[in-house]
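One structure is given below, encoded as structure tokens.
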Amino acid sequence: MWLHMTNYAPAVELKSVVKRYGEIEAVGNVDLSIKPGEIFGLLGPNGSGKSTTLKMLLGLVQPDFGSVNVLGIDVQRDSVAVKRQLGYVPEAPRLYEFLTGIEYLDFIGDIYGIQTEEKKARINEYLKALQLEGREGDMISSYSEGMKQKVALISAFLHRPKLLILDEPLSGLDPRSAKIVKDLLHELKAQGVTTIMSTHVLEIAQALCDRIAIMYRGKLLALGTMDELRQKASMPGSGLEDIFLKLTGTGDIRAVVEELLK
Amino acid sequence: MNWKNVAHLIRVDMKSGRLIRGRRLTKYRERKLFTYLLYGGALTFGLAAGTLAGVVYNTISVVDQELKGLFQQGLLSLFLSLPTLVLIYSLVFTMMQQIQRSGVKFSVQAPYWLPITWEEHTLASTLANLLGFPMVSIVFIGSAIIVLSIFVGQVVYAVFTLFALLASAFMASAITEIFRILQVRFIGAVYKSTGRAAVWVRFVGSLIFFIVFYIGYFLITSGTGAITFVQTVASAQSAVWFVPFVWLGMTLYSFINGLLPQALIFLTLSLLFILSLFYAAVILNRRFGLYEPPAITISRGIYAPRVGFLGRLGFSTVEAALIRKDLKAFTRRRELMFIFVVPIVAILVPLMQAFGTMGRPVPTEASLYLFAIVFLMPGSIMAVSLGNLMIGEEGGVMWRIYSSPISAKSLVKSKYFFVVFFAVLVTTVTGIVGVVAFHPSVRAILIGFIESLLLVFALGAVSLVSGIKGADFTELPRPRMIRTWWGLVNLIVCFLVALAILAPFIPYALTHIVPFVSPQPAIDPYQAVVISAIVAVVIAFVAYRMALKNARELLTKAET
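Note that the protein sequences, when read in sequence, are chains C and A.
First residue of the first sequence? That's 51 in the working numbering, and the numbers climb one at a time after it.
First residue of the second sequence? That's 3 in the working numbering, and the numbers climb one at a time after it.
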């Protein structure tokens, strides 16, 4: 299904994408187009195909059928060129724990070819903003999960990417840092940076995203702004949580809870 | 003590050790067969060795009565020394096993938040340690001595020895458990007191620890050392009866000599000692089990960009960053440090043989052979080990490589450089030691150095091929880095490659080994070097291309 006919050069474009793992169809015939400067939410229950879709954008998973274009580049043809222009934070990212925070960010800066002085300035700015100053010389193995998440986020922002792919980006962050990241995403949007985020915290998705896609069993169930989703679910005035549960057919929560409490 | 909990925990530990990565990176399967084969193999070999020794004994008995008596006496001496011998090598092995475990925080693991007591946890950990190599070796030794004792008529002694061996291995495993906890606490104290030097203190400390243990192990278990050890223990343990570690041996000694009350006393003492070791481990676990060493602060927020050297060598910023990162990994990750020990031990053991530390001094004609070992082996071992581990050592952080703009070419180039650089460094150092120790001719030095370089380049590239193809990113309970099958295949291929490279020198080796039978070589040594170089360059080139192909596949099919 081609949900949105567009008249702009999309930042991300998936055409009839299919990915199978043996008998299981992880992603089934998905068409998707994301505008530059858009904050796009990719939602779905566990195993719905979100991670596979995100990995296809990075060139880490090859689709069995269809094409994936990111920033005008065919990912299958030149994944390195795509990776150079995007920042990625996986869910629960593992970092090189034997490096210090600053060594890790220095490594990332070099990988993305940032000039030394610029790299130094940007690292210091981010460390200060996310309150990692004073701990940057410690080995990452001694960091809390929240601090590791901050380092992972900085490493995604450091090279000023045109596209951000963030899987649960606010996980483990303290309220101040979470607010900084949210505001930063809005500022970057104004600069034309596209963000695709996957999260299970639906309040965050509702507050941050311009458009939201809901995936279920590898298919794109719904796509649009909050108003469009409400219309599709025939639930005017409802929040994303209710819409999500109705569309994914997982709304029988009360019965489940009652069963558990027996 | 909830024995079900203990059994479950042992099963989890054993299962994690048995899991084998399948063809797809994300899929693991369990190979119980391999474990059972190990025990089965040990039992079969044990029975065969015991039967063979028994047949020898029967033959001797017919021919020479005096020799028969000596054999019986020798077997009793062996029984007496076996508990101590098993204690020592079980200790070495279980400690090595612990040290190679991942440095990832243990407090995230289930036993620390599930309702499991420290007694159950400690017992499971101690038994799981024991159920690996120590148990396999006990199966081998036990089956051998019981079969042999049937021939000799010492079955009762053999059965008691078998129980003593089990107790010794448990003792060793409990000591390792104590050592593991103390080590974590000690490291914490060292970090606090050494500050920024902590990384190097840990690196040097770990190397010294590894080396002392390996050398101790070799001294006791290899060549004449083992026989001397058996004789010493058998004759001297009565003199040091007050040392708890020989109480098991003393129990056997007393029993064999008919001193039953004394045997009972030493048996009680042994059991009390084992219990006290176990409870010491429990108490330490309760006290420090959840202790996490303080953070190592390496820099104080001073941004120190490193530019220049690697760039001047022709490496791109990406490649230089990867090389610098790997350098830090190998000096800071405890589980990777052992790689530096092998070349050091490879130098020390021949040196000790040469200078008579392990027995009589070796004859001078063997010097050239030892020099070749010191020159060729350490660098080659380093190239093979590093090449195999360079990709798998990334572990769970491999996503960083996958998602970064790193081409297959940059990845292979940086990893290959790292392998070759360290292997050449080791070759140079061991070469200098070899020259100082064995005084070879200038020609031998020149040829030795060139050949070791050729081996390093070719074996490094070959090992990188399997290191990429067979990478295993599992990190718990210990980083696997390479799939077992690929590791074994690589060893065989590397052996054949080394043989092919050194083939032109085989006639020279033969003239030294069997001078009267071997004809004089048809080519001079320098021509042999040229042929050897051609073989090595072709192999290195082909392997490097294959490594590139494998890396491309790895980076573009990250999911399989």
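The beta-carbon is built from N, C-alpha and C at its ideal position, and this holds for glycine as well.
(message) Contact criterion: CB-CB distance below 8 Å. Does K212(C) meet it with respect to chain A?
(response) The sequence position of residue 212(C) within the first sequence is 162, counting from 1. Residue-level contact check: K212(C) does not touch chain A, since none of the beta carbons of chain A fall below 8 Å from its beta carbon.
(message) In the DSSP assignment, the alpha helix (DSSP H) including R335(A) goes from what residue to what residue?
(response) As a first step, residue 335(A) must be located in the second sequence, where it is residue number 333. No alpha helix (DSSP H) holds R335(A); DSSP gives it neither H nor E.
(request) From the DSSP output, in three-state form, read off S454(A) for me. (result) Position 452 of the second sequence, counted from the first residue, corresponds to residue 454(A). Note: S454(A) maps to helix in three-state DSSP.
(request) In angstroms with no decimal places, state the Cα-to-Cα distance between S416(A) and E75(C). (result) Position 414 of the second sequence, counting from 1, holds the residue named residue 416(A). Position 25 of the first sequence, counting from 1, holds the residue named residue 75(C). Spanning the two alpha carbons is a distance of roughly 37 Å.
(message) Looking only at its chain, what residues have a beta carbon closer than 7 Å to the beta carbon of W249(A), apart from the 5 residues adjacent to it on each side?
(response) Position 247 of the second sequence, counted from the start, is the residue given in the question as residue 249(A). Contacts found: F268, L271, S272 and F275.
(message) Our contact map puts L456(A) next to S406(A) with C-beta atoms below 8 Å; I'd like the distance itself, whole angstroms only.
(response) Numbered from 1 along the second sequence, position 454 holds the residue referred to as residue 456(A). Numbered from 1 along the second sequence, position 404 holds the residue referred to as residue 406(A). Between S406(A) and L456(A) the Cβ distance is about 34 Å, and since that is not below 8 Å, they are no contact.
(request) Look at the alpha carbon of L310(C) and the alpha carbon of P95(C), and state the distance between them as a whole number of angstroms. (result) The residue you call residue 310(C) lines up with position 260 of the first sequence. The residue you call residue 95(C) lines up with position 45 of the first sequence. Approximately 20 Å between the Cα atoms of the pair.
(request) Could you check how far apart the C-beta atoms of G462(A) and V421(A) are, in whole angstroms? I think they sit under 8 Å. (result) Taking the first residue of the second sequence as 1, we reach residue 462(A) at position 460. Taking the first residue of the second sequence as 1, we reach residue 421(A) at position 419. The pair is a contact, with the Cβ atoms about 4 Å apart (cut-off 8 Å).
(request) Look at the alpha carbon of F90(C) and the alpha carbon of H250(C), and state the distance between them as a whole number of angstroms. (result) Residue numbering aside, residue 90(C) sits at position 40 when the first sequence is read from its first letter. Residue numbering aside, residue 250(C) sits at position 200 when the first sequence is read from its first letter. Take the alpha-carbon of F90(C) and the one of H250(C): they are about 14 Å apart.
(request) With DSSP as the reference, label K133(C) as helix, strand or coil. (result) Looking up residue 133(C) in the first sequence gives position 83. Note: K133(C) maps to helix in three-state DSSP.
(request) Ignore the nearest five residues each way along the sequence and tell me which others in V344(A)'s own chain have a CB closer than 8 Å to its CB. (result) Numbered from its first residue, the second sequence carries residue 344(A) at position 342. The beta carbon of V344(A) sits closer than 8 Å to the beta carbons of P380, I383, M384 and S387 from its chain, once the five residues preceding and following it are set aside; these are given in chain order.
(request) Scan the stretch 73-98 of chain A for residues whose Cβ lies nearer than 7 Å to a Cβ of chain C and list them as they occur along the chain. (result) Per Cβ criterion, the list is empty.
(request) Return helix, strand or coil for E75(C), following the three-state DSSP convention. (result) For the purposes of this step, residue 75(C) is taken as residue 25 along the first sequence, with counting starting at 1. DSSP places E75(C) within a strand segment (E or B) once states are collapsed to three.
(request) Starting from V130(C), find everything on chain B with Cβ-Cβ shorter than 7 Å and list it in chain order. (result) Within the model displayed, chain B is absent; protein chains C and A are what it includes.
(request) Could you work out which residues of chain C lie near T319(A), taking near to mean beta carbons separated by less than 7 Å? (result) The residue labelled residue 319(A) in the question sits at position 317 within the second sequence. Listed along chain C are D160 and G163, each with a C-beta nearer than 7 Å to that of T319(A).
(request) Would you mind working out which of Y404(A), I118(A) and Q67(A) sits nearest W5(A), comparing C-alpha positions? (result) The count along the second sequence starts at 1 and reaches residue 5(A) at position 3. With distances taken between Cα atoms, W5(A) lies closest to I118(A).
(request) Could you tell me which chain A residues have their CB closer than 8 Å to the CB of G109(C), listed as they occur along the chain? (result) Translated into the one-based positions of the first sequence, residue 109(C) becomes position 59. Residues of chain A passing the Cβ test: T558.
(request) Output the distance between the C-alpha atoms of G155(A) and L266(A), rounded to the nearest integer angstrom. (result) As a working mapping, residue 155(A) is identified with position 153 in the second sequence. As a working mapping, residue 266(A) is identified with position 264 in the second sequence. G155(A) and L266(A) have their C-alpha atoms some 23 Å from each other.
(request) Could you check how far apart the C-beta atoms of E148(C) and R335(A) are, in whole angstroms? I think they sit under 8 Å. (result) Position 98 of the first sequence, counting from 1, holds the residue named residue 148(C). Position 333 of the second sequence, counting from 1, holds the residue named residue 335(A). In the sequence under discussion, the amino acid at residue 148(C) is Phe, which differs from the Glu named in the question. Yes, F148(C) and R335(A) are in contact; Cβ-Cβ is about 5 Å, under 8 Å.
(message) Considering only DSSP beta bridges, list what K330(A) is partnered with.
(response) Stepping through the second sequence from its first residue, residue 330(A) is reached at position 328. DSSP lists no partner for K330(A).
(message) What ranges does the beta strand (DSSP E) occupy inside the stretch 126-175 of chain C, keeping only unbroken runs of at least 3 residues that lie completely in it?
(response) If we require 3 residues or more, the beta strand (DSSP E) runs fully inside the stretch 126-175 of chain C come out as 136-139.
(request) Mark E237(C) as exposed unless 16 or more other C-beta atoms lie within 10 angstroms of its C-beta, in which case mark it buried. (result) The residue labelled residue 237(C) in the question sits at position 187 within the first sequence. E237(C) is exposed by the Cβ-count criterion.
(request) Along the alpha helix (DSSP H) that carries D217(C), what are the first and last residues, could you check? (result) For this step, residue 217(C) is matched to residue 167 along the first sequence. Not the alpha helix (DSSP H): D217(C) falls in the beta strand (DSSP E), residues L213 to D217.
(message) Measuring straight from C-alpha to C-alpha, what distance separates L27(A) and G394(A)?
(response) Taking the first residue of the second sequence as position 1, residue 27(A) is located at position 25. Taking the first residue of the second sequence as position 1, residue 394(A) is located at position 392. Low per-residue confidence applies at L27(A): pLDDT is 48, beneath 50, and the placement is therefore not dependable, though the value from the model is reported in the following sentence. Going by C-alpha positions, L27(A) is about 11 Å away from G394(A).
(request) Measure the C-alpha to C-alpha separation of F373(A) and S443(A) and round it to an integer number of angstroms. (result) On the second sequence, position 371 is the one that residue 373(A) refers to. On the second sequence, position 441 is the one that residue 443(A) refers to. Distance between the alpha carbons of F373(A) and S443(A): 11 Å.
(message) So with CB distances below 9 Å, who are the chain C contacts of V399(A)?
(response) If you number the second sequence from 1, residue 399(A) lands on position 397. Result: P143, R144, L145, Y146 and E147.
(request) Compare the Cα-Cα distances from T103(C) to each of L182(C), A263(C), S191(C) and M276(C) and report the closest residue. (result) Mapped onto the first sequence, residue 103(C) falls at position 53. Nearest to T103(C) by C-alpha distance, out of L182(C), A263(C), S191(C) and M276(C), is A263(C).
(request) Find the residues of chain C that neighbour Y404(A), judging by a C-beta separation of less than 8 Å, and give them in chain order. (result) Translated into the one-based positions of the second sequence, residue 404(A) becomes position 402. Contact note: Y404(A) reaches chain C through L108 and L110, using a C-beta cutoff of 8 Å and chain order.
(message) Which residue wins for smallest C-alpha separation from A228(C), given the options K200(C), L208(C) and S248(C)?
(response) What you label residue 228(C) is simply residue 178 of the first sequence in a count that begins at 1. Ranking the options by Cα distance to A228(C), first place goes to K200(C).
(request) Report the residues of the stretch 472-500 of chain A with a CB closer than 8 Å to any CB of chain C, ordered along the chain. (result) Listed in sequence order: no entries.
(message) Assuming N96(C) is part of the beta strand (DSSP E), what are its boundary residues?
(response) Residue 96(C) sits at position 46 when you count from the first residue of the first sequence. First-last for N96(C): undefined, no H or E at that position.
(message) Using a Cβ-Cβ distance cut-off of 8 Å, determine whether F108(A) contacts chain C.
(response) The residue given as residue 108(A) occupies position 106 in the second sequence. Because F108(A) carries a pLDDT of 46, less than 50, the predicted location of this residue cannot be relied on, and the following value inherits that uncertainty. Among the residues facing chain C, F108(A) is not included, as its CB has no counterpart in that chain under 8 Å away.
(request) Take the Cβ of V106(A) as the centre, count every other Cβ of all protein chains shown within 10 Å, and call the residue buried at 16 or more, exposed below. (result) Stepping through the second sequence from its first residue, residue 106(A) is reached at position 104. Its pLDDT being 46, under 50, V106(A) is placed unreliably by the model, and the measurement read from it follows with that caveat. In the assembly as shown, V106(A) is a buried residue. Its beta-carbon has 16 or more other beta-carbons within 10 Å.
(message) Would you say L27(A) lies against chain C (beta-carbon separation less than 8 Å)?
(response) Counted from its first residue, the second sequence places residue 27(A) at position 25. With a pLDDT of only 48 at L27(A), under the threshold of 50, the placement of this residue in the model should not be trusted, and no figure is reported.
(request) Flag this pair as yes or no: are the beta carbons of S63(A) and S175(A) separated by less than 8 Å? (result) Here residue 63(A) refers to the residue found at position 61 of the second sequence. Here residue 175(A) refers to the residue found at position 173 of the second sequence. With respect to S175(A), S63(A) sits apart: the two C-beta atoms are not nearer than 8 Å.
(request) List the DSSP bridge partners of S117(C). (result) For the purposes of this step, residue 117(C) is taken as residue 67 along the first sequence, with counting starting at 1. Answer by DSSP bridge pairing, in chain order: K65(C).
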